[in-house]
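In UniProt numbering, the protein residues as written are 1 to 172.
Ideal placement from N, C-alpha and C gives every residue a C-beta, glycine not left out.
All remarks here apply to the structure that follows.
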């Protein structure tokens, strides 16, 4: 149901905070996050769901936020790259990505972080082939992927006490 001004009311939890608003019916989740909430870490690249730069977690599963309407996310939980750490210290995956030189220009980084967070949250033993397969839907034109894969494998191997098996803070 839309309001008389043409906006569709939405109510969702973004990084642990309940957010309410009304948006035009065709507003993408990516545009809502960026333009209405100021969460510009969700990057828009191709806007066709091909590059993966706009990936967020919707109820814990990775989605291309350029392909999901904001209204479709109403009543659900969204986690963006801004929700990966609790402030200044980076989470283990972000630190490992920097340590392994898994970023250069940084445009694709948020999407990779979100897909890797989903993968690591599964808490399974991972090998290089599986990590590459799961990350294959995200495009990077700078790094050659090796550092990204090494960072994910490092976090998977070591985990972090006090967090889930992935070493990644839980949903926010």
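- Nearest to residue 48 by C-alpha distance, out of 34, 59 and 64, is 64.
- Excluding its 5 nearest sequence neighbours in each direction, residue 132 has C-beta neighbours in its own chain below 8 angstroms: 145 and 149, listed in chain order.
- Counting only runs of at least 4 residues, the region 44-126 fully encloses the following alpha helix (DSSP H) elements, listed from N- to C-terminal order: 92-99 and 109-121.
- By the Cβ criterion, the region 9-24 is in contact with the region 75-90, since at least three pairs of Cβ atoms, one from each stretch, lie closer than 8 angstroms.
- Per DSSP, residue 135 is not a residue of any beta strand (DSSP E); the alpha helix (DSSP H) it occupies stretches across 128-135.
- In this structure, DSSP gives residue 21 an extended state, which the three-state scheme calls strand.
- The Cβ neighbour count for residue 55, taken over all protein chains shown within 10 Å, is at least 16; the residue is labelled buried.
- Only buried fits residue 39, as 16 or more other CB atoms lie within 10 angstroms of its CB.
- Per the C-alpha coordinates, the member of 23, 8 and 37 positioned closest to residue 17 is 37.
- The residue from 154, 125 and 68 with its alpha-carbon nearest to that of residue 94 is 154.
- Residue 90 sits exposed, since fewer than 16 C-beta atoms from the chains shown fall within 10 Å of its C-beta.
- Beta-bridge analysis with DSSP links residue 13 to 18 and 77.
- The beta carbons of residue 142 and residue 52 sit about 14 angstroms from each other, so the pair does not count as a contact at 8 angstroms.
- Rounded to the nearest whole angstrom, the CA to CA distance from residue 25 to residue 70 is 8 angstroms.
- Excluding residues up to 5 positions away in sequence, 134 lie with their Cβ nearer than 6 angstroms to the Cβ of residue 119 in the same chain.
- Less than 8 angstroms divides the Cβ of residue 97 from the Cβ of residue 151.
- Annotation for residue 153: the continuous alpha helix (DSSP H) segment containing it runs 146-158.
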